[in-house]
Structure formats: structure tokens, C-alpha cells
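Worksheet: the structure to be examined is printed underneath.
Rendered as C-alpha cells:
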């Protein structure tokens, strides 16, 4: 299908406003409760009353279980690990996925930064997009610090995918 | 009710001095000119007989000299001083420097181990290390990767080394070691990675393993005598380390041993506490999860447990029990007894008879503590020794995927590892504390070796309806179980305290201040802002007839994670962003020793 036509078609189906220019933040279409940019990269969706999509909410929880002990609360960074709310904006989605999966090391006389690979950790890998869109929402400053008070319902597809991924 | 029971074993108090295999360290510790062990002495009192610096003149204190460690990130612990040599350690990569105090701190030798950097991310909360130990001409270093190394104190040459754990399954080390008699006793970290905690004794001269005691597991693993090892006076019975777990969950049960160790040579006992059970989601591990969250008294030579006391059965909040055990001889109920005092992460301060393991006092040392109404002190009741949990703050009773709010203290505890001090002159304990509360939502996680095994989302914020700060520095009466006075602090006090015969108490703050206060009143007598936030412990020594006070600066650790960006109060709702001061507005990374003295 022609790319432009597909965008229009999806925009019509979901009723979302289509961004005039492609960016890495704005949701262009949704599928079963997940949101994507027009480059098919996962992203957040925040309603006018502050309701966040399920993945953003889920990402808040998973981030604070898996990432918080190094990267600080709400993606703000710690004394020794970078602020991931910035990384999620600055980095390409696929680079972000690569670093989480395989890790990265910056070890020198002045710096000992080591990010482990989480590729074998289902608590991270099954929620990678959740964590990514939450951090992007934090970096874009559309979700304040703290627990998102309102959230969309978890869709059946998200629930089924989660169970399949965790093997439960 | 504080139940007091007369004891027949009081005669042990006046036992004659005995000879021990390791007389060297004992005589080194008795010399007040030195700081021969991280904890001040085997009793963990962190008290110095030096009185040249006193409440009258401490206001004149000046910086005498400084030393950059060459490493950033969190600097916990303190230097040692033996004779004219100071031994300074660093966080990962765990460098050790020997400095010549007779020659302006000239570097006599430097030891830098080669460690796989992959150990860094499996250390839960920064790459801290709480310092080296000394005995019989050797410096003992327990590295991040769990290698224990004995160095020649004169040259820095390796005498022996032994691998205590496996970092690839999340086993790491942050603690110092306990050199005692002919042994070096070491612990392990990794409760957030499903590590099964243990304490191991190595031969001081050869590095050979003598015994290992796990925190949970079969009786032969946890080194108990089911008929003789007691819990609050009752034998623990067979299989006590497995029968409060479901299936084989004890194999990844946590209960790590990353705190401080104390010892009573007359009783031939060593004391320490065990950490949280893994995971942080209590619904995933039904039962009391023994012996996590437990004060342990073990025979130094065999490791066999004399007594246990589990403070927080079936933890629901990550209240590790690893904080120091301070040993004192004090009058309680009209009788002088051998006491053990412990300020737990759970916000309760426990005073126990350290010979029998009898519970004498259990009181809150921060009035904000709300998860429990207190501990049952009536030995006739079934709940004897157990805390009564308030349902509203029970993450177990509220269940998985439910956010329990307003729990005090937060997971970092009313106090973490930063050790308190005790002055025999005032008979008060000086305690660095956190004044932070939390929301806690547990959820299901699966275990993968070497990967985080947490299972809860936390939000932390300063204790509501209080002074707005995140810490207090308190004076505590461990006989009555009461706060004598309390100094509010803007940030958690994450520095170990020092009490001296000069009636001065020292501590550091996360902004980087070294503070001196009056031991009787808490009045501030001196403060100086060092280059970085302080999470190290204050020490003192004498050189050339002059008393010095030393402190490591270098912000980091747990405090550097939670506070670097500031905490928020989720109860303020949308829009309240960064409502509380961020530590990053006050200080930045560093790694420096600052040494103070009076002017000539």
C-alpha cells in the first residue's frame, strides 16, 4: 500500500489528528491500544484530561522496578547513570532497543559506566516498548513526575501478548 | 510493655581478660591514636577516647590536609590509621592507598585490582565499598566482584586471595570484613538479584574457607543446632530455614549480609543482620521467609548460631535487617547487662540481651513510622516478638498490582547502613536517619539468574506533616527506647557518626557538610562544606601528638539514586513537579578525603 494513503486511511479509522510533519513523538495511529508514529515507532498518547495510554502507565511501573535503581526516579538520572527521559528522545528507537538488549560500556580513567544487556530478562524485554514510550512521554514533558493518575484500559491484545511473552 | 527478665549469666560480665589468637588487632584497637577498624571497635561503638578536640574548641577546627582518591561515585566507609600509615580505599575499581602520615600523606603504595566492569551494573545501588580492614600486618579488601584479598600492609603485595561469590548470578560485595581471632569473616550483596545470602569465615593466614552459614536453606547450610539455637528463647527446631518458604523458593531467597559485623570475644559470638527476602513482591513468597530480616548471633569458630531474632517476618517493604549491632554494657531494670542495640530499616530500634537473644526494648526511632503499631513484648502471647502490621500499609494485604500509599518509612528505611555511634559518657546513641515515606506497588516478576529480581514500583517523598526535610540526626536512649533530641536535616543523613571523649559528635550531610555537635545537647558547634556530598563515616586519629578528624566526600549510593533529581510527592497530584529540593542543586560527584585539626 502506498505510504501516504495508508497514513490517511489509518488516520480516518482512529480519528487521530495526523501531524503535518513526521516526528518521533506524535501518535499517528493506534492498534489495539498501542500507539505509533507515522514511522511505525511506538509512542505515547495523552488525552486532554491527562489520561495516558496503557503502555505509558505500564512503562511507569516497569521502569521503577527494573531501571530506577540506577537511572533514578521517573527517568531523571542519578549521580552516575544518565537521565533516560532524555535518551529516549535523543536516541533512535532501534538504537534504544539495541542498548537495552545488549548493554553498553563506557569505562575509562574518568568514567565507569556500564549498562548491562537485558536481552534475557523477560521483566524488561516483554515491556520494552512500555518503558520506551513512558520515558519518551517524560522527556517530552507531557507526563509529570509521579504516578499517572488516569490510564486507558489494558486491551485484550496487550494482555494476550504479555502472557505469551512471559510464558504464563 | 518492656519486659525485663533477670538473668543468671550476668557473671560473664566480669570474666577475666583472655588471650586470643589475634591479639594484634585488639591491641591496635585499644590505642586511641589509631582508627584500626571501620567500626571503631568490635562493639561497633564508633567512640574515640581522644579529647584534644572538645566541645569548647571544636569551633576553631580547620582543614589540615586533603587527598583526592581519583575516583568518582559514592564513597562510603572511612580510612584506617595504623601507626603512621593511613589506608584509604575507593569505590569500584576498589583502589587502596597507603599514605605516610609522617610525610604529608606521601603515597607509600597503591593497589588497584583488575576487575571485570560487568560487575558494575549488578551492584544494585552504586559501586560503593565500606572500606578495608587490618590485622596482623595485613590489609583485607573485599572487592566489588567478591574477591577477598589480603595485602601486605607494608608493601601492598598480595598475600592471598579467594573468590567468595559469583558476580554473573548477581553476587557482589559492598561491605567491609571482620578480622577476628584467626579468621576473616565476610558477607555478600545481591538481594535484588535473588542471591541467597551467606556469611563466610576464611583463615586469616591462608585464605582457606573455614565455614559458611547461609541465611536460609537446610539446617546444614544455615549452621544451626535445631535443639540449641533459639529464637526468642525457644529452639528453632528442624528445617527452620526452609519450612517458612514455598517449595524451593529459599534457593533464591535473599537475606544478604551486606552490613556491619560486631563481636563479643568473651561469649565467642559475632553479630550481624540479614537483608530482605527476594523478591520485593510479597505475594510471590508466602510465609515468614526465615531467616531473612534477622539478627544473628553465631559462634566465631564454628559459625553455629546461638540465637536468631527475626524482626520483620514476611517483609512487604524491603526493610533489610543489615544495619549495625552496637554492643554495650548498661544498667537496665536495675541490673548491668550485656546489650545489643540495632536501629532497623523498619523504623524500630531494638535493645536485646546479646547473650541470650532476649528482646528488651522495641520502639520507633522516628515518630513518622506507621506500618506497625509496635512489637508484642509479652512472651506469653503467640505473637511474641512480632510487629503488628497496619492493614492499610500492608502491601501483602492490599495485594499485587495495588498501590499502597503513605507508608513510613520508605524502602531505604528510617536508617540504612550508615552506622550510629555510642558514647559511654552520655550513654546515648547518635543516629543518622532518613525521614522519607513511600508508595509501594508490588507486581509479579520472573527470576533470571544475574538479572534484577525486584517486582515493585516505588515512589518516595519526605515524611508528610513534618519539617519538610528528608532526614534527622537523633540522640537515642537505648535503655528507655526514647528520642532524647532530634536535629532536622534537609536531606537524609547518610554518613556514619563519630562520638568522642571530647563531648563532640560528628556526622556528614548529603550536601557535603561535616558537622560537629555537642554530645549532650545537639547544639551545632562547627560545620564545613566539603567538595562533595558525604555518605562516608567520620573517623579520628592522633599523629605527632595532634588529634585529627577525617571524612570521605563523594556523593552516591542509594541516596544518589533517589535524591539526585529530587523527590516528588505524588499526593500533590498533577503539576507538582520537583516540589522538593534536588541534591544536584547542592553538590556534584567527587572523591576526596578531608582531614581536620585545631590550629597550631
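Residue numbers (this note's numbering), protein chains in the order written: chain A, 1 to 168; chain B, 169 to 768.
Note that beta-carbon positions come from the ideal geometry of N, C-alpha and C, so glycine has one too.
Residue pairing of residue 531 of chain B in beta bridges, as defined by DSSP: B:517.
For residue 197 of chain B, the enclosing alpha helix (DSSP H) begins and ends at 191-198.
Taking residue 42 of chain A as reference, the option from A:151, A:59, A:49 and A:75 with the minimal CA-CA separation is A:59.
The beta-carbon distance between residue 268 of chain B and residue 728 of chain B, rounded to whole angstroms, is 32 Å. This is too long to meet the 8 Å contact definition. The segment 570-595 of chain B is shown to contain whole beta strand (DSSP E) runs of 3 or more residues at 572-575 and 589-591, in chain order.
Taking one beta carbon from each stretch, the segment 700-720 of chain B and the segment 273-288 of chain B have fewer than 3 pairs nearer than 8 Å; the two do not touch. Rounded to the nearest angstrom, the gap between the Cα atoms of residue 319 of chain B and residue 344 of chain B is 14 Å.
Apart from the 5 residues on each side of it in sequence, residue 653 of chain B sits with its Cβ closer than 6 Å to the Cβ of 643 and 690 in its chain, given in chain order. Note on geometry: alpha-carbon atoms of residue 655 of chain B and residue 259 of chain B lie some 30 Å from one another. Closest in alpha carbon position to residue 455 of chain B, among B:384, B:539 and B:433, is B:384.
For residue 290 of chain B, a Cβ of chain A is located within less than 8 Å of the residue's own Cβ. Residue 349 of chain B and residue 458 of chain B have their C-alpha atoms some 29 Å from each other. Here the alpha carbon of residue 416 of chain B sits roughly 25 Å from the alpha carbon of residue 164 of chain A. Pairing residue 449 of chain B with residue 537 of chain B, the inter-Cα distance amounts to about 21 Å.
Annotation: residue 495 of chain B to residue 510 of chain B spans about 9 Å, alpha carbon to alpha carbon. Check the Cα spacing between residue 400 of chain B and each of B:635, B:694 and B:528: the tightest is with B:528. For the segment 266-281 of chain B, the beta-carbon criterion of a distance under 7 Å to any beta-carbon of chain A is satisfied by none of its residues. Of the residues assessed, residue 110 of chain A falls on the exposed side of the cut-off, its CB having fewer than 16 other CB atoms within 10 angstroms. Taking 8 Å as the upper bound for CB-CB distance, residue 420 of chain B and residue 362 of chain B are in contact here, some 4 Å apart. Exposure of residue 108 of chain A is indicated by the presence of fewer than 16 other C-beta atoms within 10 angstroms of its C-beta. Following the DSSP letters along the chain, one finds residue 564 of chain B inside the alpha helix (DSSP H) bounded by residues 563-566. When only Cα atoms are considered, residue 148 of chain A and residue 393 of chain B end up about 51 Å apart. Interface criterion met: the Cβ of residue 79 of chain A is under 8 Å from a Cβ in chain B.
When the five nearest sequence neighbours on each side are left out, the beta carbons in the same chain lying within less than 6 Å of the beta carbon of residue 670 of chain B are those of 219, 221 and 222, in order along the chain. Distance from the CA of residue 636 of chain B to the CA of residue 256 of chain B, rounded to the nearest whole angstrom, comes to 36 Å. At a cut-off of 8 Å between beta carbons, residue 91 of chain A makes no contact with chain B. For residue 668 of chain B, the uninterrupted beta strand (DSSP E) run begins and ends at 666-668, by DSSP. Under the DSSP assignment, residue 610 of chain B falls outside any alpha helix (DSSP H), being part of the beta strand (DSSP E) whose first and last residues are 604-610. Cβ proximity to chain A below 8 Å picks out 723 and 724 from the segment 703-726 of chain B.
For residue 419 of chain B, the secondary structure class from DSSP, reduced to helix, strand or coil, is helix. Beta-bridge partners assigned by DSSP to residue 466 of chain B: B:438 and B:473.
Residue range 503-511 is occupied by the beta strand (DSSP E) that includes residue 510 of chain B.
Residue 305 of chain B is not a Cβ neighbour of residue 325 of chain B, given a cutoff of 8 Å.
Taking 8 Å as the CB threshold, residue 165 of chain A stays off the interface with chain B. Going by beta carbons, residue 88 of chain A and residue 139 of chain A fall inside the 8 Å limit. Across the set A:80, A:127, A:96 and A:44, the C-alpha of A:127 shows the shortest separation from the C-alpha of residue 66 of chain A.
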